[in-house]
Amino acid sequence: MIIGSIDNVETNSQQFNATLHKVFKYLKSTDFSTIADGSYPIGSQGIIAKIQRYKTRSPHECNIEGHSKFIDVQFVFEGEESLGWCPLSPDLVVEQPYNFATDVETYKALVPESCVVLSKNSFAVLYPSDVHRPGGFVEDNMPTNVTKVVVKIPVNLVTN
């Protein structure tokens, strides 16, 4: 997992490949407040931006998931949320087996569990080795409104 602020991406640009640069440029230059929720292609290589608006929930109500075919770039445009994380390992107990059509496998718990807060303009790059639980509220058990963009990048565009 890589976490950071979209405002600082150019400072650390040598650590990202051309595909991630393209995604970060899109995230930095797009006003998502004017775009409806839904899925939008970025170019012609199978990269998809999914715009979502929702209220954060108790982390216990959020799905714990992993992906095999796609890397997630989860970008918070407005609001903040808790993102739970752990590395993919044999210690994880599968809740729902891998679904090839949706590229999702769900788990019962994060083992061991770590959390980061994604606030306005922050992002997390999640690889297939990163199991994650997005959408949790941050503090005081208070749901907040979030506008988030999840960019799905085919694995071969980043790892090759």
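Count the sequence shown with this note's numbering and you get residues 1408 to 1567, in order. Backbone N, C-alpha and C fix where the C-beta goes; we use that ideal spot for every residue, glycine too. Since the structure is predicted, the reported quantities are computational estimates derived from the model, not experimental observations.
Margin query: So, at 7 Å on beta carbons, what are the nonlocal neighbours of Asn1424 in its own chain, with the 5 sequence-adjacent residues on each side left out?
Written below: Counting from one through the sequence shown, the residue named residue 1424 turns up at place 17. Correct list, in chain order: Val1565.
Margin query: Just to check my reading of the structure: Gly1486 and Thr1551 have Cβ atoms closer than 8 Å, yes? What is that Cβ distance to the nearest angstrom?
Written below: Counting from 1 along the sequence shown, the entry for residue 1486 is found at position 79. Counting from 1 along the sequence shown, the entry for residue 1551 is found at position 144. So it is a contact: roughly 5 Å between Cβ atoms.
Checklist line | Secondary structure of Leu1427, DSSP reduced to three states | finding: Stepping through the sequence shown from its first residue, residue 1427 is reached at position 20. DSSP, read as helix, strand or coil, puts Leu1427 in helix.
Note to self: Quick check: Val1538 and Val1480, are their CB atoms within less than 7 Å of each other?
What the structure shows: In the sequence shown, the residue the question calls residue 1538 occupies position 131. In the sequence shown, the residue the question calls residue 1480 occupies position 73. Not closer than 7 Å, so no.
Notebook entry, point to check: At which residues does the beta strand (DSSP E) containing Asn1506 begin and terminate?
Noted result: For the purposes of this step, residue 1506 is taken as the residue at position 99 of the sequence shown. First-last of the beta strand (DSSP E) with Asn1506: Val1501 to Asn1506.
Checklist line | Sub-7 Å separation of Asp1600 and Val1518 beta-carbons | finding: As displayed, the chain neither begins before 1408 nor continues past 1567, which places residue 1600 out of reach and without an answer.
Margin query: Using only CA atoms, which one of Val1501, Thr1554, Met1549 and Lys1559 lies nearest to Ser1529?
Written below: Counting from 1 along the sequence shown, the entry for residue 1529 is found at position 122. The residue with the shortest Cα to Cα distance from Ser1529 is Thr1554.
Notebook entry, point to check: Can Ile1413 and Lys1435 be called in contact, C-beta distance under 7 Å?
Noted result: For the purposes of this step, residue 1413 is identified with residue 6 of the sequence shown, where counting begins at 1. For the purposes of this step, residue 1435 is identified with residue 28 of the sequence shown, where counting begins at 1. It is a contact, given that the beta carbons lie within the stated cut-off.
Next item on the list: Evaluate Thr1426 with the Cβ neighbour count: other Cβ atoms within 10 Å of its Cβ, from every protein chain shown; 16 or more gives buried, anything less gives exposed.
Entry: For the purposes of this step, residue 1426 is identified with residue 19 of the sequence shown, where counting begins at 1. It counts as buried.
Next item on the list: Report the option in Asp1444, Glu1512, Ile1471 and Lys1476 whose CA atom is closest to the CA atom of Ile1454.
Entry: The residue given as residue 1454 occupies position 47 in the sequence shown. In this structure, Lys1476 is the residue among Asp1444, Glu1512, Ile1471 and Lys1476 with its C-alpha nearest to the C-alpha of Ile1454.
Notebook entry, point to check: Under the three-state reduction of DSSP, which class applies to His1474: helix, strand or coil?
Noted result: For the purposes of this step, residue 1474 is taken as residue 67 along the sequence shown, with counting starting at 1. If DSSP states are grouped into helix, strand and coil, His1474 belongs with coil.
Check: Which residues in the same chain have their Cβ closer than 8 Å to the Cβ of Leu1495, if we skip the five residues on either side of it in sequence?
Finding: Here residue 1495 is taken as the residue at index 88 of the sequence shown, counted from 1. By the criterion of a C-beta distance shorter than 8 Å, Leu1495 is surrounded in its chain by Gly1473, Pro1535, Ser1536, Asp1537 and Val1538, once the five residues flanking it on both sides are discounted.
Notebook entry, point to check: Can you list, in chain order, the residues of its chain whose CB lies under 6 Å from that of Lys1515, leaving out five sequence neighbours each side?
Noted result: On the sequence shown, residue 1515 is found 108 positions in, with the first residue counted as 1. Around Lys1515: Val1500 and Glu1502.
Item checked: CA nearest to the CA of Gln1459, picked from Asn1563, Met1549, Val1562 and Gly1542 -> Working through the sequence shown from its first residue, we reach residue 1459 at position 52. Checking every option, the nearest Cα to that of Gln1459 belongs to Gly1542.
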